[in-house]
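Colleague: One structure, pasted below without further comment.
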Amino acid sequence: MSEGKVALLVTIARLPEEAIIELDERIGELLREVNIDHDNDELISDDMMSTFNLLTIGYDAAWTEVERLSEALAGMHKERNKVLAALEESQQQVKTLKTEKALLEGELGQAEAYKHFEAERTKEAQSINRQLAEAQQTISRQREALEYYAHVYVAHERLEEWDNGKRARAALEGAQS
29 MSEGKVALLV TIARLPEEAI IELDERIGEL LREVNIDHDN DELISDDMMS
79 TFNLLTIGYD AAWTEVERLS EALAGMHKER NKVLAALEES QQQVKTLKTE
129 KALLEGELGQ AEAYKHFEAE RTKEAQSINR QLAEAQQTIS RQREALEYYA
179 HVYVAHERLE EWDNGKRARA ALEGAQS
């Protein structure tokens with residue numbers, strides 16, 4: 029094929045479908061002008077036939093290119109849909125992670141509050157234990173003091189009784205009987 033024919037073929041392949049149809053109609057008009065009917069067997073000049081063949085080949089090439097581009101576009105749509113689905117899935121995962129994070133922060137907050145509460149309870153328990161120990165020591169000292177004073181009192185009473193002699197005589201009489 030000559031370079032001119034190839035250039036014509038490429039040009040036709042790039043034409044929109046409407047332009048190719050118009051060109052085909054124009055060729056039909058030219059053929060009718062030279063009194064060549066499509067249905068009769070008259071010979072068509074080689075030039076006209078090669079031009080017509082180029083147009084047909086160009087139209088077929090253009091149509092093939094349109095189909096290829098349509099398939100490529102469909103493939104791109106599929107890829108876009110996959111990307112959109114992956115994006116939506118990622119967004120759902122982000123929402124889930126944010127929810128989990130909020131729950132964990134809430135749990136951590138609860139754990140912190142529980143630790144704080146436990147620390148306060150421990151402090152209160154230690155304070156109560158100190159107060160209890162102090163109270164026990166006070167009671168113990170008071171008991172010792174009471175025992176001491178009771179012993180002193182008993183000893184004093186005994187002295188009084190011995191001085192008075194009342195109980196001493198009773199004790200002696202009880203021991204003798």
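The working numbering applies: residue 29 is where the sequence shown begins, and numbers increase by one. C-beta: ideal position from N, C-alpha, C; glycine also. Source: prediction; values computed, not measured.
Residue 35 and residue 90: beta carbons closer than 7 angstroms?
Modeller: no
Colleague: Roughly how many angstroms lie between the CA atoms of residue 122 and residue 108, to the nearest whole one?
Modeller: 21 angstroms
Colleague: Does residue 174 pass the burial test, meaning 16 or more other C-beta atoms within 10 Å, or should it be called exposed?
Modeller: exposed
Colleague: Determine the contact status of residue 37 and residue 85, defining contact as a CB-CB distance below 7 angstroms.
Modeller: yes
Colleague: Quick one: measure Cβ to Cβ for residue 83 and residue 51, integer angstroms, because I've assumed they're closer than 8 angstroms.
Modeller: About 6 angstroms; that satisfies the 8 angstroms criterion.
Colleague: Indicate the three-state DSSP secondary structure (helix, strand or coil) for residue 43 in the structure shown.
Modeller: coil
Colleague: Quick one: grab the DSSP three-state call for residue 30.
Modeller: coil
Colleague: Residues in the same chain with beta-carbon distance under 8 angstroms from residue 45, minus the five sequence neighbours each way, listed in chain order, please.
Modeller: Cβ within range, chain order: 90, 91, 94.
Colleague: List the whole-angstrom C-beta distance separating residue 80 from residue 55, where the pair is believed to meet the contact cut-off of C-beta under 8 angstroms.
Modeller: 6 angstroms
Colleague: Is residue 68 helix, strand or coil by DSSP?
Modeller: Low confidence applies to residue 68: its pLDDT is 49, below 50, so where it sits in the model is not reliable, and the reading given next is rough at best. The answer is coil: DSSP assigns residue 68 none of H, G, I, E or B.
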